[in-house]
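Numbers given in the numbering used here equal positions in the sequence shown, counted from 1, plus 2.
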Amino acid sequence: MNDKKEQDDMMSLIAPALADFALPSGMRQTLQGRLMDRLGDSIRRHAGLLTVRAKDGVWQKVKSGVRSKTLSEGPFGSSVLIEMAPGAVLPVHRHRFLEEGIVLTGGMQMGDLDLGPGDYHVSPQGSRHDQISSRQGALTYLRGTSIGDLAGVALELIGGLIPVQGGKAITVTTTTGQWLTVAEGIEEKLLWRDGQRESRFVRLAPGASLPAHHHLQDEESLVVEGDVFFGDILARSGEFHLARAGTQHGEVLSDTGALLFIHGGIRSQ
């Protein structure tokens, strides 16, 4: 820890917990020192990791019946949560970036598609989306979107006026795609891949873990179901986690079982 206020804040949390134990003064100070050292080491090891909790961030109105919360921003669009009220509609638009979406709750309708919780949809850069609606309301995770960037949204809407569909979208529902066992208690379903990056679902059984690893590229994760520890950081269902290039993860562990969406660099085969 480099900030004295952080140290004082942490000590204010630790001291009451130790006060319930009858300890000699010297032992109490030793324990406090060890705990502070452990906390400082944890903060250093997790530097560069961002976790957006369910209570974090600000919801902003996109249009009538639609609001969004930005999770992260980057050169290939933003990652957001988008909430649609029953009957809400998103207009025709053309994608400036590769755009991926996962329905978390409710449902979304796009032409002949009727997507429900856990369904994944990816649209290539330059492709065109017809009108998107939600009969029952929906909460959806999007990455690679212009939502939150007024100029970018305007370009997507203008591009949508041109009646050329562009590249073909891919949909992977909860009943399609192939789950592969990659380690004891761990299954993966590949969703999308190009020459450098990939997206996949990772399912961890209770007690299963992924080994510690470094990130050569940014890696973002969304906890779709369950709880998971990224090292010392606990993320719960619906929460977002971003590891920047150059950072590292300690063991990724789930005590209860979890389903993760992960987008990052292609791993060595």
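Beta carbons are placed, not taken as given, at the ideal position from N, Cα and C, and that holds for glycine.
Just so we're clear, the structure is a prediction, and the values are computed from it rather than from any experiment.
Could you tell me the alpha carbon to alpha carbon distance between residue i and residue j, rounded to whole angstroms?
i           : j           : result
residue 159 : residue 247 : 32 Å
residue 88  : residue 118 : 14 Å
residue 52  : residue 165 : 39 Å
residue 179 : residue 156 : 34 Å
residue 103 : residue 220 : 18 Å
residue 206 : residue 127 : 31 Å
residue 231 : residue 243 : 11 Å
residue 122 : residue 28  : 57 Å
residue 97  : residue 184 : 33 Å
residue 113 : residue 199 : 28 Å
residue 177 : residue 120 : 10 Å
residue 194 : residue 171 : 11 Å
residue 4   : residue 266 : For residue 4, the pLDDT reaches just 41, beneath the cut-off of 50, and the residue's location in the model is therefore unreliable, leaving the point undetermined.
residue 79  : residue 226 : 21 Å
residue 259 : residue 269 : 23 Å
residue 276 : residue 161 : Nothing in the structure corresponds to residue 276, since the chain is present only between 3 and 271.
residue 186 : residue 261 : 15 Å
Provide the residue(s) that pair with residue i in DSSP beta bridges, ordered along the chain.
i           : result
residue 228 : 260
residue 194 : 201
residue 222 : 244 and 265
residue 217 : For residue 217, which the question treats as bridged, DSSP gives no partner whatsoever.
residue 108 : 140
Am I right that residue i and residue j are in contact with their C-beta atoms under 8 Å? What's the rounded C-beta distance?
i           : j           : result
residue 204 : residue 264 : 6 Å
residue 255 : residue 211 : 4 Å
Nearest CA to the CA of residue i: which residue from the options?
i           : options               : result
residue 94  : 82, 122, 69 and 163   : 163
residue 143 : 192, 241, 174 and 213 : 241
residue 74  : 146, 138 and 63       : 146
residue 61  : 225, 85 and 107       : 85
residue 139 : 58, 59 and 110        : 110
residue 257 : 226, 213, 209 and 137 : 209
residue 70  : 77, 168 and 58        : 58
residue 213 : 253, 266 and 228      : 253
residue 215 : 141, 249 and 182      : 249
residue 66  : 90, 115 and 229       : 90
residue 154 : 77, 115, 68 and 107   : 77
residue 81  : 150, 125 and 68       : 150
residue 49  : 228, 116 and 217      : 217
residue 131 : 68, 188 and 115       : 115
Quick one: does the C-beta of residue i sit closer than 7 Å to a heavy atom of the ligand FAD?
i          : result
residue 50 : As for the ligand FAD, it is missing from this structure, which has no ligand bound.
Taking only runs of the alpha helix (DSSP H) that begin and end inside the stretch 50-103, which ones reach a length of at least 4 residues, in chain order?
-> none
With a floor of 3 residues, list each beta strand (DSSP E) that falls wholly inside the stretch 131-187, ordered by position along the chain.
-> Those beta strand (DSSP E) runs which fall completely within the stretch 131-187 and span 3+ residues are 140-147, 172-174 and 182-185.
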